[in-house]
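Colleague: Before anything else, here's the structure in question.
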Amino acid sequence: MSYAAAALVVPPSPPSFLSLNSFAPVEELEHGVKPIQQDYKWRLVLAYDGTQYAGWQYQQSPPTVQCTVEKALMKATKLERKDLRLVGASRTDTGVHAWGQVAHFFTPVNYENLQDIHAALNGLLPTDIRVREISPASAEFHARFSAKSKIYHYKIYNDTIMDPFQRHFAYHSVYKLNSAVMQEAAKYFVGKHDFSAFANASHNDRVPDPVKHIFRFDVKEMGALLQVEVEGSGFLYRQVRNMVALLLQIGKEAIPPEIVPHILASKDRKELAKYSLLAPPHGLCLVSINYDESHLLPPPDSPANSFGRHHTIRKCKVPFY
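Going by the numbering used here, 207 is the number at position 207 of the sequence shown; the sequence numbering is gapless.
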């Protein structure tokens, strides 16, 4: 390979927190040489208050979480959206919150450490979106397709007067709910079922597999707060909110728990509509996403994970008197 008198095509200067030695060797082209760039993949764990956002999925207007995160990444890395290729694990809907959303993105250069980019991102993001963790990801890892299961919580504030501090994160039910019959009904969802009756029509062109595996479905009573917790292999569009809506009607004792297998067997969204409407989005939160441990192993020669850093105050030297 000849380097003499060759025109070297150099990419834009990376930010100071990137390693300048992370470009791969050059390859020969007809009119010169350019660096062979290796893509480095990075995993983000994000938390956000979804109140002001039209869901996760990218769109210019109104603002979405993905759009907002991409703008921060573009400023921090000096890369274009097409180069970053940000992918989220779950397309949370308008008004839905997250504590454990996972995403990945690419850069053509490596990082010397991740604490600097972590601090830069949170400094650029609005306060209702936080990067909780940033870590190197292997080539095999995919935020969406590597997921084994997802956990969602839906909060219901069950009292005559709503707690104003819960208003953005819990649905207010003035009807006294029977949590025991809700738990009984939730057991019918556990297992592998066709959830066509609990899915709204999606704007996505893909035809999703309606068969999902629910690993657990619990209703926990914590004073005035009821927390519905569901873990599954995946969920159809608005499936969780539709299941919760039916549980609310069962909790009011308007219909019996045995209605669940009947609606599941129908595989018809219109059958569910006879008994319940969609539960509002603000009570729903994506809590965590689980992956195979092998997919979470970092690649060789990668920086340590960043969970943020604490600031410290340097001790002042007391003058001698």
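Beta carbons: idealized from backbone N, C-alpha and C, even for Gly.
As the structure is a prediction and not an experimental result, all values here were calculated from the model.
Just to confirm the assignment, what range does the beta strand (DSSP E) spanning A279 have?
Modeller: Note, A279: premise wrong, no beta strand (DSSP E); not H, not E.
Colleague: Could you please give the first and the last residue of the uninterrupted alpha helix (DSSP H) stretch that includes I259?
Modeller: Its alpha helix (DSSP H) spans residues 259 to 266.
Colleague: Report yes if the C-beta distance between F105 and L73 is below 8 Å; otherwise report no.
Modeller: Cβ atoms of F105 and L73: closer than 8 Å.
Colleague: Let's test the definition: count the other Cβ atoms within 10 Å of the Cβ of L86 and tell me whether it reaches 16, buried, or not, exposed.
Modeller: When all chains shown are included, L86 counts as buried.
Colleague: Check whether the segment 177 to 190 touches the segment 247 to 262, counting contact only when three or more Cβ pairs, one atom from each stretch, lie closer than 8 Å.
Modeller: Output reads yes: the segment 247 to 262 touches the segment 177 to 190.
Colleague: By Cβ distance, which residues of its chain are closer than 8 Å to L247, with the 5 residues on each side in sequence left out?
Modeller: Hits under 8 Å: M182, A185, A186, V219, V228.
Colleague: Which parts of the segment 152 to 210 are runs of the beta strand (DSSP E), unbroken and 3 residues or longer, counting only runs that do not cross its ends?
Modeller: Runs of the beta strand (DSSP E) inside the segment 152 to 210: 171 to 173, 191 to 194.
Colleague: Return the CA-CA distance between K57 and H142, expressed in angstroms with no decimal places.
Modeller: The sequence given here places Gln at residue 57; Lys does not occur at that position. Going from the Cα of Q57 to the Cα of H142 covers about 16 Å.
Colleague: My output table needs one value for V69: the three-state DSSP class, helix, strand or coil.
Modeller: Three-state DSSP puts V69 in a helix.
Colleague: I believe E231 touches S149 by the beta-carbon criterion, under 8 Å. Please report the beta-carbon distance rounded to the nearest angstrom.
Modeller: 5 Å between Cβ atoms; contact.
Colleague: Taking N305 as part of the beta strand (DSSP E), name the residues at either end of that continuous run.
Modeller: Segment: none, N305 is in no beta strand (DSSP E) and carries neither H nor E.
Colleague: Could you pull the DSSP bridge partners for D218 from this structure?
Modeller: Bridge partners of D218: E229.
Colleague: Excluding five sequence neighbours on each side, which residues of the same chain lie with their C-beta closer than 6 Å to the C-beta of Y154?
Modeller: For Y154, where only same-chain residues beyond five positions count, the Cβ hits under 6 Å are V228, V244, G283, L284.
Colleague: Decide if P261 is buried, meaning its Cβ has at least 16 other Cβ atoms within 10 Å, or exposed.
Modeller: Burial call: exposed.
Colleague: With distances taken from CA atoms, which of P298, S266, H168 is nearest H193?
Modeller: Checking every option, the nearest Cα to that of H193 belongs to S266.
Colleague: Specify, as a first and last residue, the run of the beta strand (DSSP E) that I129 falls within.
Modeller: Segment 129 to 137, the beta strand (DSSP E) holding I129.
Colleague: Taking the straight line between their C-alpha atoms, what separation do you get for L264 and R43?
Modeller: Each residue's alpha carbon lies about 36 Å from the other.
Colleague: Going by the DSSP bridge assignment, what does L284 pair with across the sheet?
Modeller: Per DSSP, Y154.
Colleague: What do you get for Y157, buried or exposed, if any count of 16 or more other CB atoms within 10 angstroms of its CB means buried?
Modeller: Buried is the call here.
Colleague: So what does DSSP say about R238, is it helix, strand or coil?
Modeller: Note: R238 maps to coil in three-state DSSP.
Colleague: Whole angstroms is fine: what's the gap from Q249's alpha carbon to S276's?
Modeller: Taking the straight line joining both Cα atoms gives about 7 Å.
Colleague: Compare the Cα-Cα distances from L272 to each of Y175, D163, H172, A197 and report the closest residue.
Modeller: It is A197.
Colleague: With the cut-off set at 8 Å, would you say S306 and Q115 are in Cβ contact?
Modeller: Yes, the pair counts as a contact, with Cβ atoms nearer than the cut-off.
Colleague: Around the C-beta of A304, are 16 or more other C-beta atoms found within 10 angstroms, so that it is buried, or is it exposed?
Modeller: A304 should be labelled exposed.
Colleague: Rounded to whole angstroms, what's the CA-CA distance from I313 to G50? Just pull it up for me.
Modeller: For I313 and G50, the distance between alpha carbons rounds to 34 Å.
Colleague: What's the call for Y175, buried or exposed, on a 16-neighbour Cβ count within 10 Å?
Modeller: Exposed.
Colleague: Whole angstroms is fine: what's the gap from Q52's alpha carbon to G95's?
Modeller: One C-alpha to the other measures close to 7 Å.
Colleague: Is it true that the CB of G55 sits closer than 8 Å to the CB of R81?
Modeller: No.
Colleague: May I ask which residues mark the beginning and end of the beta strand (DSSP E) holding A98?
Modeller: Run containing A98: 97 to 107, per the beta strand (DSSP E) assignment.
Colleague: Beta carbon of A47, beta carbon of A76: below 8 Å?
Modeller: Cβ atoms of A47 and A76: not closer than 8 Å.
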